[in-house]
Ligand code: HEC
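Numbering (the numbering used here), first residue to last: 38 to 254.
What follows is the structure, encoded as structure tokens:
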């Protein structure tokens, strides 16, 4: 009897822990305050709102991970949690989310053909000194995608900065090489275009316009 109770305790405990984790991933940013009734049905307006929240959540993830685990530990933390965070935020908003780049660290973030076209276009515009802004397209099936530039900030240098300048410490470098032997996502300077966010809106998304309840998790 006692054994059975302990077993139930473990199962309930584990289920609870999982729920807690999920909650933590979403509440890491202020997205819980995001008012879905603000959905406008305009890809540019909604896309920009979502990007603003998602990039805030990622910056918080990096900052918190560095504070808690140091930069080396934060590499592990981000390697293990970046996709979950992207997934849970995507579910939350009812969109597909992607982070990609011309020079990637994680092979799973590899750009597809459309991503590549946008990345090249943004890089060229950037080189011409044009201020980079999000760009969107709608497809004939009613779905659509919004892309937004990801710029390098000072705090990103410790993991994506210029190697020769000593931005990336030796122990951080070793950890990155261990996790990602093919990594080419370094030698970036502050303000440089690091990559793009992709927000994919399925056709059903637009039916939610004006909805006040939360999209399903
Ligand atoms: C603690 C180290 C660390 C810091 C700080 C850091 N990153 Fe990363 N970054 C990583 C790791 C590890 C990955 C691969 C994780 C993944 O997405 O699977 C990654 C992946 C990325 C990607 C996805 C494309 C790719 O190369 O795989 C982008 C874009 C990116 N980082 C941008 C940034 C930006 C912008 C900042 C600053 C706001 C930043 N990173 C700060 C470690 C870091």
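Using N, Cα and C, we set each Cβ at its ideal position, and we do this for glycine too.
All values derive from a computational prediction rather than experimental measurement.
How should residue i be labelled, buried or exposed, when 16 other C-beta atoms within 10 angstroms of its C-beta is the threshold for buried?
i, result
"residue 235", "buried"
"residue 150", "exposed"
"residue 98", "buried"
"residue 148", "buried"
"residue 201", "exposed"
"residue 100", "exposed"
"residue 66", "Only weak support exists for where residue 66 lies, its pLDDT of 38 falling under 50; the value from the coordinates is given anyway. Counting Cβ neighbours within 10 Å, residue 66 comes out buried, since at least 16 surround it."
"residue 70", "Reliability fails at residue 70, whose pLDDT of 40 lies under 50, so the model's placement of it is uncertain and no value is given."
"residue 240", "exposed"
"residue 203", "exposed"
"residue 231", "buried"
Thinking C-beta only, is residue j closer than 8 Å to residue i?
i, j, result
"residue 222", "residue 141", "yes"
"residue 226", "residue 182", "no"
"residue 242", "residue 112", "no"
Would the C-beta of residue i count as close to the ligand HEC, meaning under 7 Å from any of its heavy atoms?
i, result
"residue 232", "yes"
"residue 104", "no"
"residue 219", "no"
"residue 120", "yes"
"residue 136", "yes"
"residue 192", "yes"
"residue 189", "yes"
"residue 155", "no"
"residue 184", "no"
"residue 141", "yes"
"residue 91", "no"
Determine whether the Cβ of residue i lies closer than 8 Å to any Cβ atom of chain B.
i, result
"residue 149", "Absent here is chain B; the protein component of the structure consists of one chain."
Taking C-alpha atoms, which residue in the options lies nearest to residue i?
i, options, result
"residue 110", "208, 244, 125, 239", "208"
"residue 180", "112, 238, 115", "238"
"residue 186", "218, 121, 153", "153"
"residue 229", "168, 203, 114", "168"
"residue 137", "146, 166, 129", "146"
"residue 191", "172, 216, 224", "224"
Starting from residue i and walking both ways along the beta strand (DSSP E), at which residues does that stretch end?
i, result
"residue 238", "230-238"
"residue 137", "133-137"
Span of the alpha helix (DSSP H) holding residue i?
i, result
"residue 87", "80-130"
"residue 178", "From DSSP, residue 178 is part of no alpha helix (DSSP H); its letter is neither H nor E."
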